[in-house]
Each structure stands twice: as C-alpha cells, then as structure tokens.
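Quick notes on the structure that follows.
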Amino acid sequence: MATYRETISIDTKPGVQAIDLTERVASTVAKSRVQDGVVCIFTPSSTSAIVTNEFEPGLMTEDIPNALERIFPEGIEYGHQRRWQDGNGHSHVRATFLGPSLTIPVIDGRAALGTWQQIAFLELDNKPRHRDVIVQVVGETATPRAK
Amino acid sequence: MATYRETISIDTKPGVQAIDLTERVASTVAKSRVQDGVVCIFTPSSTSAIVTNEFEPGLMTEDIPNALERIFPEGIEYGHQRRWQDGNGHSHVRATFLGPSLTIPVIDGRAALGTWQQIAFLELDNKPRHRDVIVQVVGETATPRAK
Amino acid sequence: MATYRETISIDTKPGVQAIDLTERVASTVAKSRVQDGVVCIFTPSSTSAIVTNEFEPGLMTEDIPNALERIFPEGIEYGHQRRWQDGNGHSHVRATFLGPSLTIPVIDGRAALGTWQQIAFLELDNKPRHRDVIVQVVGETATPRAK
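Protein chains in written order, with our numbering: chain Y, 7 to 153; chain B, 7 to 153; chain D, 7 to 153.
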C-alpha cells in the first residue's frame with residue numbers, strides 16, 4: 007500500500023467560478039502508481055468547494071451559480087458579516103453546504119469517474135484568491151511481475 | 007492492507023427514485039475481509055447521488071423529492087437545458103448538491119452505520135437508466151491467528 | 007499502513023447545535039502516528055451531520071441555522087412526521103442534504119485543514135441526544151529512521 011500526493015495551485019476570480027481539475031487529478035493518480043484505492047480531492051478553505059458534474063458552461067456558469075443565489079442569496083443579512091465585515095457571509099454558508107472534499111475510487115490505476123462527470127473546484131469567495139487543492143491517493147500499487 | 011471492490015448494477019425509474027443499497031454494501035464489506043478501514047460508495051454519474059438516512063417511505067418517496075423540487079425546481083429555466091435539450095437540467099443541479107460519494111468507516115468487519123441509517127442510491131434523471139454503483143473497501147484484513 | 011480509531015462522545019442540545027470537534031480530531035490523528043493518509047469523521051446517525059467551516063458564532067449559531075430553516079423549514083408537512091409522529095421530519099431531510107461524513111487528507115501527521123476551517127458536528131434533531139462520532143485514520147505510519 008502507498009500514499010501519493012500533489013497540490014494543484016490555482017488563482018481564482020471572485021463570485022462563483024468553476025475550474026476543471028479533472029486532468030490534473032488524473033495525472034496525479036497516474037503518477038501515484040496506485041492501482042486500487044481511493045483519491046481524496048480537498049480544498050483547505052472555508053469559502054470554496056469541490057464538486058463533480060458535467061463541466062459544461064450551461065451548468066457551471068449559469069445553473070449552479072443561479073441555484074446558489076436562489077437558496078443562499080448574497081444580499082440577505084448574515085451574522086458572519088456583522089462580526090467580520092468582509093462581505094462573504096454567503097460564501098461561507100455556500101461552502102458549508104457544498105463541502106470541501108470529494109472521495110473517488112481508484113480502479114486499474116484511474117479515478118473511476120463517469121463519462122459526463124468532471125471534477126470542479128468552485129470559488130465561492132467575493133475576492134480573488136490563491137488556492138492550493140490537495141489530491142491525496144491511498145491504495146495498492148501494482149505488484150511487480152518479475153522477481 | 008487490502009482493497010476489495012464490487013459493482014452494484016441497478017435499473018432505475020425516472021424522477022426521484024430511492025433504492026436501498028445497505029445490504030449489498032454490507033455483503034461487499036463482509037466479502038472484503040477488511041476489519042478496519044473505510045468503504046467508499048460511488049455513483050459514476052452526473053444525474054444520480056448516494057445519500058444516507060432512514061430508508062422509510064415518508065422520507066424517501068415524499069420528503070426528499072419534495073425538498074429537491076422546492077429548492078431545485080424542474081420547471082425553471084436551466085442553461086444546461088438550452089444547450090443540450092435533454093430535459094434534465096434540474097437533475098444535474100440536484101446531483102451536484104447531493105454528491106456522488108459516501109465514505110463510511112469499517113469497524114470489526116462492518117460498515118459503521120447507525121441503526122436508522124441506510125445507504126440510498128437516488129436516481130435524479132428524467133429517463134430510466136442503467137447504473138453501476140462502485141463499492142470500494144480499503145483497509146486492514148484480519149491477521150491470521152494460526153501459522 | 008495502519009488504521010487507528012477513536013470515538014468522540016458528546017451530549018447535545020436540540021435544534022441546530024454546532025460543536026467544534028477540531029481539537030479532538032487533531033489529537034486522534036496525532037495518536038494514530040499516521041503520517042500520510044486520510045481521516046474520516048463520521049456520525050452514525052440520521053439526524054445529525056459533520057461539516058467544516060469557520061467555527062465562529064455568526065456562522066454556526068445564526069447563518070447555518072437560518073439557511074437550514076429557509077430551505078428545509080421545520081413547520082411544513084413531512085411524510086416522515088405523518089408516519090412516525092416524532093416531530094423531526096425536517097431533521098432527517100437536513101441531515102440527508104448535509105451528510106454524515108467528512109474525509110480529510112492527513113499530511114505530515116496532521117489533518118490538512120485550512121486556517122479558517124474547523125470541523126463541526128451539527129445536532130439537527132429536536133431532542134437532546136447522546137452521540138458517538140467516529141474518527142477513523144487510515145494511512146502510512148512514519149518509518150523509523152534508526153534500527
């Protein structure tokens with residue numbers, strides 16, 4: 007068994023910005039040489055989230071942002087805002103409900119995503135941010151055939 | 007340490023359909039011989055979800071579908087729909103918020119679910135689908151006592 | 007590779023009560039001696055949840071409870087309530103959407119949380135409850151340098 011990790015560094019734009027991490031996660035899983043196990047994608051932040059769905063503009067730039075604004079509006083009063091005055095109370099609530107962590111099985115050396123299933127980082131803060139997303143692979147490496 | 011995997015194949019009905027996977031997950035964990043570790047249940051799809059709660063009809067056939075329709079209505083405009091015309095924009099948004107992945111500790115050879123906590127696959131698409139849910143167990147197998 | 011587990015026992019108050027588990031999770035990870043891997047925090051219950059965000063009162067005692075009441079109101083009709091008459095249909099729906107499980111990478115012997123990211127148990131039931139939260143660590147322990 008082995009663990010392998012890479013960090014994906016990204017610079018984001020405020021509002022709801024979706025960034026496709028699928029290829030970078032695939033590359034990390036390939037380099038890990040893990041054949042069977044799990045990969046955990048994690049954003050160490052309280053105003054962003056990791057989700058997975060079809061990475062197409064209708065969904066990522068319109069439907070998900072609209073749903074977030076509908077159920078967690080930016081313009082209502084937030085206790086977080088009264089205390090900290092940083093204008094991102096809605097960002098914290100949205101991140102709490104979407105979550106920072108996604109765990110995917112690794113099978114035959116690949117993350118077992120469906121055809122229409124991409125991994126998206128969602129920036130939810132109201133300021134541009136630097137983010138370091140962690141990709142942690144845990145599992146069994148291939149047994150060497152020779153020896 | 008070891009990994010073990012089974013795939014649960016199901017044929018679903020459209021709308022919000024809940025299918026109880028608890029026994030099949032328990033069977034997979036038992037066959038894995040893993041004593042301590044984690045089990046990851048994952049649907050490789052962008053219009054379904056894995057959740058856990060009490061599998062009783064009031065919740066699964068009424069309250070969860072009602073909540074989904076209340077916060078992610080089928081009848082509003084979706085950017086996904088404008089581009090793809092497949093009528094399931096709401097399904098993608100619902101799947102994004104509920105999530106495709108559930109990780110549960112394995113203790114003494116069993117998934118550590120509570121008494122009123124069952125594992126449910128939720129079909130969220132607007133068409134009947136064939137689904138292959140992945141159950142991946144990672145952990146330590148029992149140490150053989152003899153030898 | 008190794009697994010290590012502790013159970014955090016808590017007695018809760020009804021309504022939406024947030025309890026900060028960060029230090030107890032950190033202590034469990036430290037005792038596990040796992041250097042690289044993952045930690046899974048899991049509540050074996052259908053009326054509570056594990057989330058992560060900034061543990062400050064504005065968010066935890068006002069914004070998250072307000073969001074839950076806005077999107078999953080206590081006062082509407084629930085099928086669960088009609089069948090079981092225990093007054094907590096909203097609790098089950100809220101727990102289903104927030105989820106009982108959080109997986110975090112372990113790096114250099116510590117859970118890889120961000121600075122403003124604490125781990126919170128959320129009691130969602132309408133009665134005081136005793137809860138046993140599971141903290142399961144899976145990964146590689148440090149290789150001893152000497153010997």
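Glycine residues also receive a C-beta, built at the ideal position from the N, C-alpha and C atoms. Bear in mind the structure is a predicted one, so any value in this text is a computation, not a measurement.
### Task
Going by DSSP, name the residue or residues bridged to H96(B).
Bridge partners of H96(B) according to DSSP: none are assigned.
### Task
Could you name the residues of chain D that N59(B) contacts, counting a contact when the two beta carbons are closer than 9 Å?
For N59(B), the residues of chain D that pass the 9 Å Cβ criterion are S52, T53, H98, V99, A101, T102 and P106, in the order they occur in the chain.
### Task
Please check if any C-beta of chain D sits within less than 8 Å of the C-beta of Q87(B).
No, because no Cβ of chain D sits closer than 8 Å to the Cβ of Q87(B).
### Query
Are the Cβ atoms of N94(B) and N59(B) separated by less than 8 Å?
In this structure, N59(B) does not lie closer than 8 Å to N94(B) by Cβ.
### Query
What does A182(B) reach in chain D if we use C-beta pairs closer than 7 Å?
The requested residue 182(B) is not part of the displayed model; chain B covers only 7 to 153.
### Query
Looking at chain C, which residues of the segment 108-121 of chain B have a Cβ within less than 8 Å of any of its Cβ atoms?
In the structure shown, chain C does not exist; the protein chains are Y, B and D.
### Task
Give a yes or no on whether 8 Å exceeds the smallest Cβ distance from Q123(B) to chain D.
For Q123(B), the nearest CB of chain D lies under 8 Å from its own CB, placing it at the interface with that chain.
### Message
Taking the beta carbon of E68(D) as the centre, do at least 16 other beta carbons fall within 10 Å, making it buried, or is it exposed?
### Response
Its Cβ being crowded by 16 or more others within 10 Å, E68(D) is buried.
### Message
Three or more C-beta pairs under 8 Å: does that hold for the segment 82-89 of chain Y against the segment 48-65 of chain D?
### Response
Judged by Cβ distances under 8 Å, the segment 82-89 of chain Y makes contact with the segment 48-65 of chain D, as three or more pairs qualify.
### Query
Going by other Cβ atoms of all chains shown within 10 Å of its Cβ, with 16 needed for buried, is A148(D) buried or exposed?
Burial call: exposed.
### Query
Is L104(D) near L119(D), with beta carbons less than 8 Å apart?
No, these two residues do not count as a Cβ contact at 8 Å.
### Task
Measuring alpha carbon to alpha carbon, tell me which of H98(B), R30(B) and P50(B) ends up nearest H136(B).
Nearest of H98(B), R30(B) and P50(B) to H136(B), Cα basis: P50(B).
### Query
L130(Y) CB to nearest chain B CB: under 8 Å?
With 8 Å as the cut-off, L130(Y) does not count as an interface residue toward chain B.
### Task
Please confirm if the segment 34-41 of chain D is in contact with the segment 30-38 of chain Y, defined as three or more CB-CB distances below 8 Å between the two stretches.
As far as the Cβ criterion goes, the segment 34-41 of chain D does not touch the segment 30-38 of chain Y, which means the pair count is below three.
### V99(Y) to T13(Y) span [Cα, whole Å]
In this model, V99(Y) and T13(Y) are separated by some 25 Å (Cα to Cα).
### Task
Can you tell me which of P134(B), A117(B) and W122(B) puts its alpha carbon nearest to the alpha carbon of A101(D)?
For A101(D), the closest of P134(B), A117(B) and W122(B) by C-alpha to C-alpha distance is W122(B).
#### Entry: Under the three-state DSSP convention, the category I16(B) falls into
Per DSSP, reduced to three states, the secondary structure at I16(B) is strand.
### Query
Name the DSSP bridge partner or partners of F103(D)?
In DSSP, F103(D) forms no bridge with anything.
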